[in-house]
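Trainee: Here you go, one structure.
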Amino acid sequence: MLKRVERRFLDVLASIYIYNEYRGYSSIDRVLKSMKARHSSEHWFIEAVEKHRRDERKHYLMFKKYFIDQGRMPFAVDSSCGHIDRLIRLTFGCGIDDLDTDAVSRSDDLFFRLCRIIMITEIRGMNQLDILLEDRLVRGDPALVKIFKVIQKDEPSHWTPYRDWLEKKNGGDPRWNELAADWAVHKSLVFWKVPSLLLSPGLKRRSGWHDDGEDQSIMGRAA
Ligand SMILES: [Fe+2]
Ligand SMILES: [Fe+2]
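This is the structure:
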């Protein structure tokens, strides 16, 4: 019984992660589109964000393999488990898919805000990994530990280019409301969302992969 609960916890955790990795690289596509439209000469930043996109796709594929190796599909978690989804909604007032990329391209304010939100999300992810890698249940799953260690190594290179860009362009530090939104989303995921998924008997597994129909190479599409 205890083993089953522990297994379910790890599956819920990995299901939330694979969803977030997927949303990560698909939302970076929106940034790249804006950047290429507005800042096409800023090669260093475009290259850093493209590398970020490749890494998030790589993380997604590691979790996909994790589930395939176990012969199970991830749980069907939705955008309420997506850190970036909820942060964009709280700070832009719409979902990622509804974000007006043209408006973001035209407005420095909006583009800076998007960069700050991605930076905050990445810093949160990096700090969370330190906690997870100390967790007894996670440490009992060598395949998951291996994935988290790869992500931990990649993570600093994900947020520093946004910080450097914001500094260079006077895009400002994260605003108090952006940091408050990040705090609120994180707390609700850890203390409400994960427990409620664990205790939800009707939680279904996905019937397909998040990236079905996409370019299946590790590079994926870049914009
Ligand atoms: Fe990632
Ligand atoms: Fe990341």
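0 is the number of the first residue of the sequence shown in numbering that gives the first Met the number 0; add one for each residue after it.
We treat Cβ as the ideally placed atom computed from N, Cα and C, and that holds for glycine.
All values reported here derive from a predicted model rather than from experimental measurement.
Taking a cut-off of 6 Å, which residues have a beta-carbon closer than that to any heavy atom of ligand 1, in chain order?
Mentor: Chain-ordered list of matching residues: Glu20, Gly23, Glu55, His58 and Ile150.
Trainee: Grab the span of the alpha helix (DSSP H) containing Cys114 for me, first residue to last.
Mentor: Taking the sequence shown and counting its residues from 1, the one referred to as residue 114 is at position 115. Asp107 to Leu131 is the extent of the alpha helix (DSSP H) around Cys114.
Trainee: Compare the Cα-Cα distances from Ile87 to each of Gly201, Leu196, Leu202 and Ala183 and report the closest residue.
Mentor: Position 88 of the sequence shown, counted from the start, is the residue given in the question as residue 87. Ranking Gly201, Leu196, Leu202 and Ala183 by Cα distance to Ile87 puts Ala183 first.
Trainee: Give a single yes or no on whether His82 has its beta carbon closer than 6 Å to a heavy atom of ligand 2.
Mentor: To locate residue 82, count along the sequence shown from 1; it is residue 83. Result no, Cβ not under 6 Å from ligand 2.
Trainee: DSSP on Arg53, reduced to helix/strand/coil?
Mentor: Working through the sequence shown from its first residue, we reach residue 53 at position 54. In the structure shown, Arg53 sits in a helix (DSSP, three-state: H, G or I).
Trainee: Say whether the segment 58-67 touches the segment 10-21, bearing in mind that this needs 3 or more beta-carbon pairs closer than 8 Å, one atom from each stretch.
Mentor: A contact exists between the segment 58-67 and the segment 10-21.
Trainee: Excluding sequence positions up to five away, which residues of its chain have a Cβ less than 8 Å from the Cβ of Gly94?
Mentor: One-based indexing of the sequence shown puts residue 94 at position 95. Around Gly94: Ser78, Asp84, Ile87 and Arg88.
Trainee: So, using beta-carbon positions, are Tyr24 and His209 closer together than 7 Å?
Mentor: Here residue 24 refers to the residue found at position 25 when the sequence shown is read from its first residue. Here residue 209 refers to the residue found at position 210 when the sequence shown is read from its first residue. No, Cβ-Cβ distance for Tyr24 and His209 is not below 7 Å.
Trainee: Arg115 and Pro173 look like a contact to me (Cβ under 8 Å); what is the Cβ gap, rounded to whole Å?
Mentor: Numbered from its first residue, the sequence shown carries residue 115 at position 116. Numbered from its first residue, the sequence shown carries residue 173 at position 174. Indeed, because the Cβ distance is near 5 Å, the residues count as touching under 8 Å.
Trainee: To which residues does DSSP link Phe8 through a beta bridge?
Mentor: Reading the sequence shown from its first residue, position 9 is the one you call residue 8. BP columns for Phe8 are empty, so no partner.
Trainee: What are the start and end residues of the alpha helix (DSSP H) that includes Ser187?
Mentor: Here residue 187 refers to the residue found at position 188 of the sequence shown. Looking at the DSSP string, the run of the alpha helix (DSSP H) that includes Ser187 is Trp175 to Ser187.
Trainee: With hydrogens ignored, establish whether the beta-carbon of Glu49 is closer than 6 Å to any heavy atom of ligand 2.
Mentor: Residue 49 sits at position 50 when you count from the first residue of the sequence shown. Answer for Glu49: no, Cβ out of range of ligand 2.
Trainee: Note down, in chain order, each residue of its chain lying with its Cβ closer than 8 Å to the Cβ of Thr90, except the 5 sequence neighbours on either side.
Mentor: In the sequence shown, counting from the first residue as 1, residue 90 sits at position 91. Counting only Cβ-Cβ distances below 8 Å, and skipping sequence neighbours, we find Arg112, Ile116, Asn176, Glu177 and Ala180.
Trainee: Would you list the one or two residues that DSSP bridges to Phe66?
Mentor: Counting from one through the sequence shown, the residue named residue 66 turns up at place 67. In the DSSP output, where bridge partners are listed per residue, Phe66 has none listed.
Trainee: Skipping 5 residues on each side, what residues in its chain have a beta carbon closer than 8 Å to that of Lys148?
Mentor: If you number the sequence shown from 1, residue 148 lands on position 149. Around Lys148: Leu132.
Trainee: Taking the straight line between their C-alpha atoms, what separation do you get for Asp10 and Asp129?
Mentor: Reading the sequence shown from its first residue, position 11 is the one you call residue 10. Reading the sequence shown from its first residue, position 130 is the one you call residue 129. Their backbone Cα atoms lie some 19 Å apart in a straight line.
Trainee: How should Phe62 be labelled, buried or exposed, when 16 other C-beta atoms within 10 angstroms of its C-beta is the threshold for buried?
Mentor: Indexing the sequence shown from 1 puts residue 62 at position 63. With 16 or more other Cβ atoms within 10 Å, it is buried.
Trainee: In this structure, does DSSP put Arg71 in helix, strand or coil?
Mentor: The residue you call residue 71 lines up with position 72 of the sequence shown. Correct three-state label for Arg71: coil.
Trainee: Could you check what DSSP says for Arg135 in three-state terms: helix, strand or coil?
Mentor: Residue numbering aside, residue 135 sits at position 136 when the sequence shown is read from its first letter. Note: Arg135 maps to helix in three-state DSSP.
Trainee: Determine the direct distance from the alpha carbon of Asp108 to that of Gly170, and round the result to whole angstroms.
Mentor: Mapped onto the sequence shown, residue 170 falls at position 171. Mapped onto the sequence shown, residue 108 falls at position 109. Each residue's alpha carbon lies about 8 Å from the other.
Trainee: So what does DSSP say about Arg204, is it helix, strand or coil?
Mentor: Counting from one through the sequence shown, the residue named residue 204 turns up at place 205. Arg204 falls in the strand class under three-state DSSP.
Trainee: Which residue comes first and which comes last in the alpha helix (DSSP H) that contains Glu263?
Mentor: No answer is possible for residue 263: it lies beyond the span of the chain, which begins at 0 and ends at 222.
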